[in-house]
Every structure is written in C-alpha cells, then in structure tokens.
C-alpha cells in the first residue's frame, strides 16, 4: 500500500460538530488530518443552533436572566459543576469566545460571529430557548428583538409544526420579558397536493431550494398576510443547501423579514449544519473516510478504518454519546472504540442497574446521560487509574462525561469548545512526536514500501 | 351550592368492572353515574396482559372460573368483534436430554396435555381451537427462535384485546344509554343518612379542584386496588390480597406465536405478539405498597427476562421499550401462594356493617368482566325494583356492528391500508367516520404516530367522541406514543392537536405534553438499555435540548 493518506498527523474519530472543530483547528495548526466516521451523528439531528450555556442559576421563568453572555453562562456552569467539561477546563474557559468565533468563521454560509448575549429563539413546542449562536435564517427570531407584530406560518403539508403553539409561546415569552408582541398564526396550503397531504421536512426544504420557489411561496402568502405584520416566522424548512438565500429571497419578495423557528429531529437546520461542516473540512484539505474505526495499538498510533490501516501521531475521540455511538450501554456502559472506562457524575459506571442512574422525573438532570470518558485538563481521556490513556489521545464533544445537553443546554457549545482545544492539542502532540522521532523513522511500516 | 342530582346508582371506579356496570345499569334504564379519579382503565384494567383468555391456569385450582371466563369471553367476542385478535400459544416441552426424558418430564408432558384436553371442552365457548400436539421439528419451524432442546410442543388458542379501548367503549356505550360518566373525579367522602345509609358521594374534580356532591340510592365500589381505601371512607372493611403483576413491552412482534416458559421458581410466564409489539408477562407477588406509587424493580425485570431466556435465548438482544405494572385485586386468603389464589370475584353488601346501600365488587378477571358486571347489576336492579333484563351480551359496543371493508375504505378515501387497518381494528364500523373526517379536512390524513399507524384524523375522532380529558388519555384510545419512538416524534404534535381541539393556551399545552412525556418515561426508566438509550437521547433532545420543556418555559 502506498496511499499517502495512510500516515497522518491527526486522526479524528467522529465527524459531527466536535470532530469537525477538532479537525479544522488541527488543520489550521498545520497538521495533516483525517476524519473517520461511521455515519451522521447527533449534530445532524440538532436544532442547528449553538447553545453555549444559559444561566444555570436563573429560575426557568426568568427569561431576562437567560439573556446573559455565553461566557458568563459557561463560567457559572464551571463553578457549579466541576465535572462538567467547562468545569474541568475552567482554566481555558477564557478561550471559549475564540472557539466560537473560529466556528463561525469556518462556517461563513451559516453563522455570523456570536452575539453579546444569548438569543431567545422560538421552538416548535411553544417555548423559547437561550442560544448563543444561531444560523442566519434563525437568528432574527429572537423574541427579545422581534418586532411587535409577527405572523407565524404553518404548512398544511407539515402538520407537526403547529403555528398556534408557537404564536402563543412567543406572546407568553414576550410578556415574561415585559415586551409587547402579538403573534398571529396562519395556515398555508402552499405545498399541498390531494394525493399526498404531508411531506417530510427534508423534501419541503429541497423544494424551497429550487429556483423561483421562494418567490412563488411569497406570492401565494402575500394576500393572506394581515396588515401591520412586521416579520414572518416559518417552520424550519427554509432551504437545505441555500438557507440564508431562501430566507433572504422570501424576505425580499414579501417585503418583510422572514425567519425560521428552531427544529426538532428530523432536522433540516441540523443537516444544513452538518453539510456546512463537511464543506469546511474539504475546504481545509481534511480527508473524510467512512467506516468503522478500530485501534490496533494506541501507543504506536496504529489504527484501521474500514479495511484500511492508518498510522496517526495523535488522535481525537469525538464519537458522541449514545446517539453518536461513542458510548453504549448493552447491559453495561462501554466506550466503543477503545474500551476506555466510562464515568457518570463523579463515579465510574459499568454494570449497575440503570434505574439507579435515572431520576423518575423525565425532566430531571439524568446521571446516565452524563456518561462518558473522563478527561484531564489537557483533554486527554484517562484510564481507570486516572493516568491518560495515551499522551497523544484527546477527546471532544459528548463522548466526554459530565454534561447532558438536555438538562444543561450546553450541547454544541461544549462540542465547539472541546473540539477546538482538542484539535489544537492533537496537532501539538503530533508535532512533538515528529520532532522527537526526527526523520529517522518512517511514519508507518507500510510507507516504506 | 349546586343543586343535588339524584341517581339510582353511583359507580366508583372506571376500570373494566366499573364501566361494565355503568353500561349494564344504564341499559336497564337505571339513572347511573360513574366516577373515576383518573382516566378509564388507568389501573389494573389497563395494565393486564391484554388477553381475553379462558384462564387455563385456573383449571388447577378453580374449574368454575375457567368455565365462566370462557363463556363470557365468547360473549365479549360477539359484542366487540373488531377489538379481538387470535393469539395461538406454543407450550414447548423441553428436556436436558430430549432422547432420554426423565419420568418427571414425561409427567409434565402428559399432565399438561390432560389439562389442555379439559380446556378443549371450554374452547368452543370462545371460538377457540382445540390443542394440537407438535413435534419438536414442527415447533422449530413455527417458531425458529425457540431453544433447540424440545421433545414436544403443545398449542393453545387464546384471544388478545386492547383493554383500554374495551373500557373506553363500555363507558361510551354507558353514556349513550344515559349514564353520566365523569373521569378525573375523585370520591373523597360519602353522604350518609340517619341510619348510616350511604346516600351519595362527595367528589372532587381533579382538574378544576371543584367539590360537588351527588346523591344516589345505591353506591358500588369497584375501585380495584383502591377498593379498600374507598371502603374505609364509608367505615367498612374490604380485604383483598393485592398481587403486583409486571409486564415488559418489546419494540416489535418478536415471535409468531405466544410462547410459554417457566420462570426460575417454576411459575409460568410468556412472551407473546400483541398488536405491533411483543409483551412479556408476568410476575405475581404480594404487594403492600401504595397503589398510586407502583414501581417496577430490577428484580422483576430480571425475573421475567431470565424466565423467557430459558426458551427464547435471543431475548437478551431484544429491544425492550418499557415496563408496566398493575395490581390484581384477588380475594383475601391466608396461607396460599400467589398463583394458587382464586381469580373468583365477590360482591359484598355492606348493610350488615352499618352501611346499607353500599356495595363492593372485588376480584374477578378481565375475561369475565361482563358477567361480573351483570351479577352486580342484577343485585342493584332488584334493590331498586327494576326488572329489565341484562342485554350487555347481545347488544354490541360502539363500532361492533360490522367490521369495515379495509381495502375498500383505503381505496375510496385514498388512505394507506395499514392506517385504515389499525383504524378498523380500534374502531370497527366507526372507522368510516374517521375516513370521512380525513376527507373533509385533508391535513388530517397525515400520520400522527408513525410507530402505531395512528392518523391525525383518528386522534381527532378520539378527541371529539371518546371522552379524552387529558393528553395522556389519548394513548389509551389510539396508542399514540406507545411505539418504539415512545413519543419522540408524535408527543409534541399530539399536544398541539389537543390544544387546538380544546382551545388550550400554549403553556397549558406544554403542561399536558410534559405530563405525557413524563408518564411514558416512568415505564422506560427500569429497562433503558442498548438501542433504546440512543432513542432516549433523541427523545430528550427533542423535548428538552430543543423544546426546552424543562427550562425557560414561562408557566402561566
């Protein structure tokens, strides 16, 4: 085998937000990077917007309190939860803003630089959610900044996005903020056909990507828009490939700013985010390989991806949790690639009864969903004895123990922050091992052929 | 104070006996009130194996119970034919060495076959087929997942049912015959006459908190697991031997047939295909706790899995969705094992204890609910001077008139056949009304719960016609959220639909949603594992990471 890619500086396992950030930051540091992944993970089913941290001490009803800066939120999380990645990495937390800006500049199609404060974005469940960085088609829907009269559109072809629920929630949230806001629901029959009255979100988004589609939708809606409406909120289907474009074209055709609400899974904005990450990776010269990853020798950096042997000076584990497949629980908790010990909360978990790690109330903080590998302050996963598994192995994203995006709302924020740092650390470790080895030894045994 | 309403009969409890009595009494022209503190079938009537079975098990102890169950099961088939489905069972007979069976193994084989032979005598009552002796090869062909250590197998014919719908339909029929059916109304006291006579009840509306009194000439307590508590409010004692029964639900139909196995203690347990899922059941242990706080333990789950693994080795790889538990209200006996307790029912007249006009019906089986209800209604009717005969065995329940032509409806209304099929199963002749709803409002044609093939139209029909008071009731009417995704996709849209139909605000809808999501989670908690962990992460992602139901939602 003489494939030059068989020897890389940094191998990133997992291609969601955490893996992509790690790969991009390692590539920026000059490393040759290979991203190996099995399939799409949790990023592709995310809301598509980046949560960093709401104020963990503000009561749920205090919406104003949720509008603090992401930095302050993360710092508060770090103080309250020492085992949360923000807590473990609190000495580097000052670099969070830098990581977010790096993410935004890597995905120029989707994001502008993060705002000063968390935005409160409408969700399909009639709530608003504190979010640090939203896609361009989403960010204007911040309930703190929306104009006083909003039209909420639902499509008859998409009954799972209910305009009444969202409109009512917007008004409630505005009242809680002491704002005046009226939201009116409107049902559009635009996509309807008699034969097939409902369509999957991805299909609607693809239809809106087509030339002239946004204008056609706008001209159908225009006569139905009540007088005085100052902004229009849509279900999260405003184009898959050309989101900002679709929102902008709708806005231009309607003469009103148009935004989309956050998405649940299956998620168009989530896939949009994943595809933007893939584009950024390719743009940075990162190679993407699909297939299961197996480690032959961690200390020697010998891996197999699918059938293909790869030698890597450093590696980043960014395999996700249960949804991504990095952690599984089949009778017992297990880290799937390297068999690293799994921790949840402060303790190591294995075969114990899962019910003991779950509170009866579904909305509670659930220890079982904080499960993951334990890292040291240099993002290196540790073995059971607390010693790093390898000086050149790092972890990023939800494979790390200590955070549960469902209860602490720090999901993609942690992925970006840890990915950014882990990529940099992996590039440095790779450089160090290269210097230590000099040019005496070939990178892989196969490279000598 | 609102004026008192005078009823002939007040029924406390909306389980299968309560709804059964309410229907029977209303059909005989008695002015009837049924009160249930939650939804119909929210206790043991909804947490059983979902079978109208003849109770072959009881032949060992109580032949009369088996006979009664088989006869009544035949009547139930006649009044609600669409809601029953055949579940043939296989009883595998295994041996460590099938070629050289021990005398005990032979004894079990012949003994079981003798019992089945007796059971065959009752099978015709419920259109059941006689048992068949199968060779090991035949069993393996019918059920490839069975462990290959058999020397023979026996078949047994039983019937499954959706017990939630059975209760809901009884309540609906009762209401159509003039009964007042109030769910989410909890009795907290009795109105007494000078001689101690029970003359009515004090009731709290669980949703509004309002208090009311209702007068009734007779009051019957069919509170199931709560019956002793209700009785004590009237100063009388009802004793029972509460037995906790735990079931597991799997994500799919794992086997072709029901398969019987022995648990570690020799008790018979089973795995069976049931609607879109498989069910493993059941435990039977004395229960001394609060019936409102029934939890499934790790031991109970392990007991069932270990028992099924015995005949079905791959069960450990199966995806378990959730657990559920109910309390059998068996009659009190001291010194008997749980399994040996009679499933006989009893009617107690509390007159002798100083509470004339107050009765309790306790015990019995799902399969003989109708005859139990009839027996009590006979007693009540006699007391009240009503001589109308019982007609609950001849008059069909709503939808039971005629089974619809599924392919015909599917074609006429251009709806997918699986959706119409499940609709027809649940609603019988009324499936056509649902199709008409979908025709009038095309957006209702869409599927709401993809796992259970429930359309928006069906959910709307249930919301409009089937006394759905809370969102959680909807799953008992049309199984919304009961499939593998456990509501990850359908719970929020269902809440929005509920809000739309009822005119609820966004925050009220979210309370219903959180209540729904929370109720489903309680059953998943004890068995969360494997693939279902990933599903749970997605579920939590939708409702909490994105939906923020726990967070910034302003509660108004």
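Residue numbers (the numbering used here), protein chains in the order written: chain A, 291 to 739; chain B, 11 to 566. By construction, the Cβ of each residue, glycine as well, lies at the ideal position given by its N, Cα and C atoms.
Can you tell which of the options has the C-alpha that lies nearest to the C-alpha of residue i?
| i | options | result |
| --- | --- | --- |
| residue 369/B | 423/B, 237/B, 442/B, 531/B | 237/B |
| residue 61/B | 27/B, 167/B, 33/B | 167/B |
| residue 502/B | 514/B, 520/B, 512/B | 520/B |
| residue 424/B | 313/B, 450/B, 169/B, 215/B | 450/B |
| residue 330/A | 721/A, 560/A, 636/A | 560/A |
| residue 30/B | 313/B, 230/B, 155/B | 230/B |
| residue 507/B | 470/B, 23/B, 342/B | 470/B |
| residue 2/B | 708/A, 613/A, 714/A | Since the first residue of chain B shown is 11 and the last is 566, residue 2/B is not available in this structure. |
| residue 666/A | 378/A, 359/A, 447/A | 378/A |
| residue 20/B | 98/B, 210/B, 203/B | 210/B |
| residue 568/A | 357/A, 397/A, 318/A | 397/A |
| residue 288/B | 147/B, 170/B, 497/B | 170/B |
| residue 141/B | 175/B, 509/B, 125/B, 38/B | 125/B |
| residue 436/A | 521/A, 489/A, 373/A | 521/A |
| residue 580/A | 327/A, 305/A, 320/A, 319/A | 327/A |
Rounded to whole angstroms, what's the CA-CA distance from residue i to residue j? Just pull it up for me.
| i | j | result |
| --- | --- | --- |
| residue 609/A | residue 303/A | 6 Å |
| residue 523/A | residue 342/A | 24 Å |
| residue 445/B | residue 499/A | 34 Å |
| residue 644/A | residue 611/A | 16 Å |
| residue 407/B | residue 303/B | 33 Å |
| residue 538/B | residue 450/A | 27 Å |
| residue 297/A | residue 453/B | 55 Å |
| residue 291/A | residue 593/A | Unreliable placement is indicated for residue 291/A, whose pLDDT of 40 sits below 50; no coordinate value is reported for it. |
| residue 734/A | residue 321/B | Residue placement at residue 734/A is flagged as unreliable, the pLDDT there being 47, under the threshold of 50; the coordinate-derived value follows with that caveat. Going by the C-alpha atoms only, they are around 51 Å apart. |
| residue 323/A | residue 587/A | 19 Å |
| residue 531/A | residue 400/A | 10 Å |
| residue 426/B | residue 172/B | 22 Å |
| residue 435/B | residue 281/B | 22 Å |
| residue 390/A | residue 234/B | 59 Å |
| residue 558/A | residue 420/A | 20 Å |
| residue 689/A | residue 465/B | 38 Å |
| residue 292/B | residue 248/B | 26 Å |
| residue 708/A | residue 48/B | 48 Å |
| residue 562/B | residue 417/A | Bear in mind that the predicted position of residue 562/B carries a pLDDT of just 44, short of 50, making it unreliable; the figure below should be weighed with that in mind. Taking the straight line joining both Cα atoms gives about 7 Å. |
| residue 315/B | residue 53/B | 24 Å |
| residue 373/A | residue 50/B | 46 Å |
| residue 556/A | residue 718/A | 37 Å |
| residue 319/B | residue 253/B | 24 Å |
Around the C-beta of residue i, are 16 or more other C-beta atoms found within 10 angstroms, so that it is buried, or is it exposed?
| i | result |
| --- | --- |
| residue 379/B | buried |
| residue 575/A | exposed |
| residue 421/B | exposed |
| residue 677/A | exposed |
| residue 76/B | buried |
| residue 128/B | exposed |
| residue 110/B | exposed |
| residue 274/B | exposed |
| residue 293/A | Here residue 293/A scores only 49 on pLDDT, less than 50, and its place in the model is too uncertain to base an answer on. |
| residue 219/B | exposed |
| residue 174/B | buried |
| residue 117/B | exposed |
For residue i, which residues in the same chain have their Cβ closer than 6 Å to its Cβ, ignoring the five residues on either side in sequence?
| i | result |
| --- | --- |
| residue 566/B | For residue 566/B, the predicted model reports a pLDDT of 38, less than 50, meaning its position is unreliable and no value from the coordinates is stated. |
| residue 475/A | 442, 453, 454, 457 |
| residue 585/A | 593, 628 |
| residue 699/A | 341, 344 |
Give me, in chain order, the residues of the same chain whose beta-carbon lies closer than 8 Å to that of residue i; leave out the 5 immediate sequence neighbours on both sides.
| i | result |
| --- | --- |
| residue 626/A | 609, 615, 616, 617, 618 |
| residue 351/A | 466 |
In chain order, what residues of the same chain have a beta carbon less than 7 Å from the beta carbon of residue i, not counting five sequence neighbours either side?
| i | result |
| --- | --- |
| residue 447/B | 454, 467, 470, 471 |
Taking 7 Å as the cut-off, does the CB of residue i come closer than this to any heavy atom belonging to the ligand ATP?
| i | result |
| --- | --- |
| residue 702/A | Ligands displayed in this structure: none; no statement on the ligand ATP is therefore possible. |
Taking beta-carbon pairs under 8 Å, can you tell me which members of the segment 359-376 of chain A lie near chain B? none
Positions along the segment 690-711 of chain A whose CB lies within less than 7 Å of some CB in chain B: 695, 696, 697, 699, 701
Please list, in chain order, the residues of the segment 432-459 of chain A that have any C-beta partner in chain B closer than 7 Å. Cβ contacts with chain B come from 446, 449, 450, 452, 454, 455, 458, 459.
Using Cβ-Cβ distances below 8 Å, what residues of the segment 329-349 of chain A are close to chain B? 332, 335, 336, 337, 341, 344
Between the segment 406-431 of chain B and chain A, which residues of the former have CB atoms less than 9 Å from a CB of the latter, in chain order? Here the close residues are 424.
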